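These notes are about the structure you will find just below.
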Amino acid sequence: MRDRITAFLVLLPSLLAVGIFVYGFIGQNLWVSLTDWGKDPAQALALHPKLRFLGLENYRELFTGFVDVRFRQSAINLLFFTLFFMAGSLGLGLLLALALDRGPKGEGFFRTVFLFPMALSFVVTGTIWRWLLQPQGGVNVLPTLFGLPPLSFPWLTTREQALVFDWNRLPLYTALVVGLVLLHVAWRAYREGERRRLLWSAASGGVLLLWALTLGQRVHLLPYPEPHGLSLALVGVILAAVWQMSGYTMALYLAGLRGIPVEVLEAAKVDGASEWQTYRHVVFPLLAPITLSAMIVLGHIALKIFDLVFAMAGLDYAPTDVPAIYMYLLAFRGNQFAKGAAIGILLLLLVAVVVIPYLASQLRREVRR
Amino acid sequence: MRKWLLAAGVALGLGALAQGGKLEIFSWWAGDEGPALEALIRLYKQKYPGVEVINATVTGGAGVNAKAVLKTRMLGGNPPDTFQVHAGQELIGTWVVADRMEDLTPLFRQEGWLQAFPKGLLDLISYRGGIWSVPVNIHRSNVMWYLPAKLKEWGVAPPKTWAEFLATCQTLKAKGLQAPLALGENWTQQHLWESVALGLLGPEGWNNLWKGKLKFTDPKAVAVWETFGKVLDCANKDAAGLSWQQAVDRVVQGQAAFNIMGDWAAGYMTTTLKLKPGADFAWAPSPGTQGVFMMLSDSFGLPKGAKNRQNALNWLKLVGSKEGQDTFNPLKGSIAARLDSDPAKYNAYGQAAMKDWKSNRIVGSLVHGAVAPESFMSQFGTVMEIFQQTKSPQAAANAAQAIASQVGLGR
Numbered sequence: 039m040r041d042r043i044t045a046f047l048v049l050l051p052s053l054l055a056v057g058i059f060v061y062g063f064i065g066q067n068l069w070v071s072l073t074d075w076g077k078d079p080a081q082a083l084a085l086h087p088k089l090r091f092l093g094l095e096n097y098r099e100l101f102t103g104f105v106d107v108r109f110r111q112s113a114i115n116l117l118f119f120t121l122f123f124m125a126g127s128l129g130l131g132l133l134l135a136l137a138l139d140r141g142p143k144g145e146g147f148f149r150t151v152f153l154f155p156m157a158l159s160f161v162v163t164g165t166i167w168r169w170l171l172q173p174q175g176g177v178n179v180l181p182t183l184f185g186l187p188p189l190s191f192p193w194l195t196t197r198e199q200a201l202v203f204d205w206n207r208l209p210l211y212t213a214l215v216v217g218l219v220l221l222h223v224a225w226r227a228y229r230e231g232e233r234r235r236l237l238w239s240a241a242s243g244g245v246l247l248l249w250a251l252t253l254g255q256r257v258h259l260l261p262y263p264e265p266h267g268l269s270l271a272l273v274g275v276i277l278a279a280v281w282q283m284s285g286y287t288m289a290l291y292l293a294g295l296r297g298i299p300v301e302v303l304e305a306a307k308v309d310g311a312s313e314w315q316t317y318r319h320v321v322f323p324l325l326a327p328i329t330l331s332a333m334i335v336l337g338h339i340a341l342k343i344f345d346l347v348f349a350m351a352g353l354d355y356a357p358t359d360v361p362a363i364y365m366y367l368l369a370f371r372g373n374q375f376a377k378g379a380a381i382g383i384l385l386l387l388l389v390a391v392v393v394i395p396y397l398a399s400q401l402r403r404e405v406r407r
Numbered sequence: 009m010r011k012w013l014l015a016a017g018v019a020l021g022l023g024a025l026a027q028g029g030k031l032e033i034f035s036w037w038a039g040d041e042g043p044a045l046e047a048l049i050r051l052y053k054q055k056y057p058g059v060e061v062i063n064a065t066v067t068g069g070a071g072v073n074a075k076a077v078l079k080t081r082m083l084g085g086n087p088p089d090t091f092q093v094h095a096g097q098e099l100i101g102t103w104v105v106a107d108r109m110e111d112l113t114p115l116f117r118q119e120g121w122l123q124a125f126p127k128g129l130l131d132l133i134s135y136r137g138g139i140w141s142v143p144v145n146i147h148r149s150n151v152m153w154y155l156p157a158k159l160k161e162w163g164v165a166p167p168k169t170w171a172e173f174l175a176t177c178q179t180l181k182a183k184g185l186q187a188p189l190a191l192g193e194n195w196t197q198q199h200l201w202e203s204v205a206l207g208l209l210g211p212e213g214w215n216n217l218w219k220g221k222l223k224f225t226d227p228k229a230v231a232v233w234e235t236f237g238k239v240l241d242c243a244n245k246d247a248a249g250l251s252w253q254q255a256v257d258r259v260v261q262g263q264a265a266f267n268i269m270g271d272w273a274a275g276y277m278t279t280t281l282k283l284k285p286g287a288d289f290a291w292a293p294s295p296g297t298q299g300v301f302m303m304l305s306d307s308f309g310l311p312k313g314a315k316n317r318q319n320a321l322n323w324l325k326l327v328g329s330k331e332g333q334d335t336f337n338p339l340k341g342s343i344a345a346r347l348d349s350d351p352a353k354y355n356a357y358g359q360a361a362m363k364d365w366k367s368n369r370i371v372g373s374l375v376h377g378a379v380a381p382e383s384f385m386s387q388f389g390t391v392m393e394i395f396q397q398t399k400s401p402q403a404a405a406n407a408a409q410a411i412a413s414q415v416g417l418g419r
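Residue numbers (the numbering used here), protein chains in the order written: chain A, 39 to 407; chain B, 9 to 419.
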């Protein structure tokens, strides 16, 4: 009993500190995001600003307001950035790890070289890559080394977009994607023979798809079409980010590969599996948990990205904008504190979507142990 | 050892107290602009030797970082004794409306500054019967830079209106010059926009825009965006990746004929590139703005609750004095805000600018904080992006008007 009291007393200060400085401030931020702080310049920076409760007005403006077109592009940018950054880092990391796993000469040297970028901060990476991606230098003059004409791609300054779609179609596409994912879950539940899960996921997936194909066609967020797409100016930023983080995934995968018992691989060989079959059916499934951990780490880095874009393209260039940058601009340059807080809450939710399922599964596993 | 240190510390602390306390000056003048501020501080120390001056500089061009730090400090109830701010609405629309600044009218009366500064400037820094900051320097925004030798080679003259400019642009394009106008990143594009708008609307129309009397959706204002779009067609396509210095470099290297930039470009060309003003490079008011001086100014204000108010007032007195301005401005590459400063201390460009400052009609710059509050300026970058993306004058005008209504421009 006394042990318990001491333990509680020892923990109490940090519990209080976390309660106030993390959860208290999250709560305050949430409250601010529901007010009009910043709408009236006279109140924005007053000593004791009077805040009025607005409900979800700030959120509505972000998604459907006339002047917040930049937020919408930044949200789309974030989506594509996260996707390509994760795919690039995982893919390149896995390739490097597989190559190093075969024990080439100077393995230690290469391992250090590949891991080194991770030791840099994103600001340094961004500055170097900004130089490399100058229109008349760096990467673009590489071909001249081989006597070819230089490239002329304006890496960070192009305004071109690929995969352009109308923002008004967003609810439709979201419903379609979520619906298909749910159907996939249902299919897997069917194979695993879990009837309850099958029923639920099939039903909700079906409803979503039905909505998307009927009523969803008529939903319009804006009274006019607003095209958004994958900004090609982001390609340079993604390159730099992948360069920075693929060493990290390489290290993770290499540890995973080295951790596979030789017996398993030998057993596969004895069973007559070809090299590809060994990878496909033995090695990759064993690496799956590593992929998941790497995705969590990369995912939350991607969602919070700010410094890399800041260093490479600056704050003011909308084609490479991400929500964290737009939040900074709104709050600290434009004094729109409430709207900035709203973006903060949205980012928190996004990170939570990535991290919480992971934490939950970890916790469950620990309880089982 | 520790005792000795403690004693020394106490002695130092007491000494400073006896001689008149501290003065914390908050600014973003570092790097090239640092020496000018240091000269001013040296002058202050000569006059008030007992005061310990704390130079709280936060680096970052145009105060991009400093403003965020300042906001944190003010909101946290820890204002500096005096801080640098762009004169005009950037101060008024942010801090004065929030009732965080002291009215400096008595200081202006006492020092006779109501006559020393031109009326156009006093109008820009006044609001609701008060005067809110002491301008230390003046920069001009509407200047077009070129190399006379190059223009001769191409056989063109500096254009006097935007229509002429577009014609000259076509001539130059026909001669193989791909981008006759050199342009840089987002804010320099806004800088170009304000010159186009002033040239087309005239000083009256320009002022009405910021008083809320001329709507952004008015056909006259929409036409500004139309011309602006055509002017952009004359500019380099990789603008977003260039700093303003790199844009000036293009003119100097003969890759472009013109650049529209504030007169810190003159400082860059004379000091860094060692060019001779008036001979190697030349300037003209941007098209359609002859006789109008679009100004921006760095100034110092007095926040309410400053801990060393009297020292701060002494600083403001120095900043507004003839001696202070003539110490600061030749080093900074700007001109004095006062009408009675000494031309002999300035170079050829500075003298020309001083002449215009005294005779021209004065209006304020948008991008550099004189005519619109921060809440408008920061979102004007978004308007620029909307225009670049859609190429639609009407869409840009609508967005600008929406923001103007939202922040209550001219109210």
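All C-beta atoms, glycine included, are put in the ideal place defined by N, C-alpha and C. As the structure is a prediction and not an experimental result, all values here were calculated from the model.
Comparing alpha-carbon positions, the option among Gln261(B), Thr335(B), Asp40(B) lying closest to Asp288(B) turns out to be Gln261(B). Here Pro167(B) is buried, its C-beta having at least 16 other C-beta atoms within 10 Å.
Contact annotation, Thr102(B) with Leu368(A): C-beta distance approximately 14 angstroms; criterion of less than 8 angstroms not satisfied.
With fewer than three CB-CB distances shorter than 8 angstroms, the stretch 116-126 of chain B does not count as touching the stretch 373-380 of chain B. Judged by DSSP in its simplified three-state form, Gln315(A) adopts helix. DSSP places Ala292(B) in the uninterrupted beta strand (DSSP E) bounded by 290-293. By the neighbour-count criterion, in which 16 or more other beta carbons inside 10 Å mark a residue as buried, Val105(B) falls on the buried side. Positions of the alpha helix (DSSP H) runs, each at least 4 residues long and wholly inside the stretch 310-354 of chain A, are given as 313-316, 322-342, 345-351 in order along the chain. Inside the stretch 129-191 of chain B, DSSP marks whole alpha helix (DSSP H) runs of 4 or more residues at positions 156-162, 170-182, from first to last along the chain. For a Cβ distance threshold of 8 angstroms, residue set Glu193, Asn194 of chain B lies close to Gly352(A), ordered along the chain. The three-state secondary structure of Asp40(B), taken from DSSP, is helix. Only residues of its own chain outside the window of five on either side were considered, and among them Gly28, Gly29, Lys30, Leu31, Tyr56, Val59, Asp89 have a CB closer than 8 angstroms to the CB of Asn319(B), listed in chain order.
The beta carbon of Ala408(B) is closer than 6 angstroms to those of Phe224, Val391 in its chain, skipping five residues each way along the sequence.
Taking 8 angstroms as the cut-off, the Cβ atoms of Trp75(A) and Ala376(A) count as close. In this structure the stretch 340-354 of chain A does not lie against the stretch 53-69 of chain A, because fewer than three pairs of beta carbons, one per stretch, are closer than 8 angstroms.
By the Cβ-count criterion, Gly175(A) is exposed, with fewer than 16 other Cβ atoms from all chains shown falling within 10 Å of its own Cβ.
Against chain A, the beta carbon of Gly389(B) has neighbours under 7 angstroms at Asp354, listed in chain order. Under the 8 angstroms criterion on CB atoms, Leu194(A) is classed as interfacial with respect to chain B. In this structure, Phe301(B) and Trp252(B) do not form a Cβ contact; the two beta carbons are roughly 20 angstroms apart against a cut-off of 8 angstroms.
Within 7 angstroms of the CB of Gly372(A), the CB atoms of chain B belong to Glu382, Ser383, Ser386, Gln387, in sequence order along the chain. Around the beta carbon of Arg346(B), 16 or more other beta carbons sit within 10 angstroms, so the residue counts as buried. DSSP, reduced to helix, strand and coil, places Met269(B) outside both helices and strands of the structure shown, so it counts as coil. A contact is defined here as three or more CB-CB pairs under 8 angstroms, and the stretch 91-100 of chain A fails this definition with respect to the stretch 247-264 of chain A. Judged by their CB atoms, Leu153(A) and Gly294(A) are not nearer to each other than the 8 angstroms cut-off. Between Ala250(A) and Thr212(A), the alpha-carbon positions lie close to 9 angstroms from each other. Thr390(B) sits in a helix when the DSSP states are folded into three classes. The Cβ atoms of Lys221(B) and Leu209(B) do not sit closer than 8 angstroms to each other. Within a 10 Å sphere around the beta-carbon of Leu268(A) sit 16 or more other beta-carbons, which makes this residue buried. Nearest Cα to Ile114(A) within the set Gly310(A), Leu128(A), Leu201(A): Leu201(A). One thing to note: Trp291(B) has its Cβ within 8 angstroms of the Cβ of Trp153(B).
In terms of beta-carbon proximity, Val93(B) stays away from the interface with chain A, with every pair separated by 8 angstroms or more. Classified as exposed, Ser190(A) has fewer than 16 neighbouring CB atoms from the shown chains inside 10 Å of its CB. Two segments are said to touch when three or more pairs of C-beta atoms, one from each, lie closer than 8 angstroms; by this definition the stretch 187-201 of chain B does not touch the stretch 347-363 of chain B.
Among the CB atoms of chain B, none fall inside 8 angstroms of the CB of Ala376(A). Counting the other Cβ atoms within 10 Å of the Cβ of Thr67(B) gives fewer than 16, which makes it exposed. For a Cβ distance threshold of 9 angstroms, nothing in chain A lies close to Asp89(B): the least Cβ distance comes to about 17 angstroms.
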